[in-house]
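*Asks:* Please read through the structure below; I'll follow up with questions.
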Amino acid sequence: MKKIFTTLFLIIGLISFSQNKPSYPQPKEGFKRVDLLLPKLKNDENLQVEIKFAFEIEMLDCERGSFSIYPNIPIEKFGIGSSRFPYYVLESDNAEISVGNNGNCGDEKKMKKIYSNQNITYNYQSSYAVPFYIPKNWSLVYRVWSTTDTYTIVK
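Here the sequence shown is numbered in the working numbering, starting from 610 and rising by one per residue.
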C-alpha cells in the first residue's frame with residue numbers, strides 16, 4: 610500500500626512540475642526571438658508596459674515616419690495551456706509605412722528609426738521573460754506607464 614501511495618505521489622509531482630515549464634517554438638525563417646525581461650521594481654502593481662516594434666529606414670532629414678503591421682497585430686499565444694506564459698508572434702514582416710514631412714526638405718537622406726502605430730499593453734510583471742517573435746531586422750521597444758489604483762466616477 611505504501612508503494613502505491615509513493616508511486617502515485619511521484620506521478621502527481623512529475624505531472625505538476627512538467628506543466629510549470631512553458632514550451633516555445635523555434636523562430637521561423639527570417640525571424641528572431643526576443644525575450645523581454647523587465648527589471649524587478651517595488652510597488653509594480655500600478656505599472657503598465659507598452660510594447661512597440663521598430664526598424665530603420667532611409668528618409669529625408671525633415672521626414673517623420675511610422676508603420677502599421679499588415680495584415681494585423683501580433684498574435685498572443687501561450688506556453689502552457691490557454692492562459693499561462695504568454696508570447697507574441699508576428700506572422701509576417703509586411704508593414705505599411707506612412708511618411709510625412711514639413712515641406713522644408715533638403716536632398717540628404719539618412720537612416721531613421723520608425724515605430725509601429727500598433728502597440729501591446731499589459732500589466733507590469735518581472736517574474737519571467739515574455740518572448741516575441743519578430744522579423745530579424747526589427748527591434749522591440751517598450752516604455753513603462755504609471756497608473757493609480759483609484760477610479761473616478763463619471764457623472
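Every residue, glycine too, gets a C-beta built ideally from N, C-alpha and C.
Put Phe644 into one of helix, strand or coil per three-state DSSP.
*Replies:* What sits at residue 644 in the sequence shown is Asp, not Phe. Asp644: strand per DSSP, three-state reduction.
*Asks:* Determine contact between the region 689 to 699 and the region 708 to 720, defined as no fewer than three beta-carbon pairs at a distance below 8 angstroms.
*Replies:* At 8 angstroms Cβ cutoff, the stretches do not touch.
*Asks:* Decide if Phe676 is buried, meaning its Cβ has at least 16 other Cβ atoms within 10 Å, or exposed.
*Replies:* buried
*Asks:* Just grab the DSSP bridge partners of Ala571 for me.
*Replies:* Only positions 610 to 764 of the chain appear in this structure, which leaves residue 571 out of reach.
*Asks:* Check whether the Cβ atoms of Tyr633 and Gly688 lie closer than 8 angstroms to each other.
*Replies:* Yes, they are a contact pair.
*Asks:* From which residue to which residue does the beta strand (DSSP E) around Pro683 run?
*Replies:* Element bounds for Pro683: n/a, residue is neither H nor E.
*Asks:* Could you check if Ala704 is buried or exposed, using at least 16 other CB atoms within 10 Å of its CB as the buried criterion?
*Replies:* Looking at its Cβ environment, which holds 16 or more other Cβ atoms inside 10 Å, Ala704 is buried.
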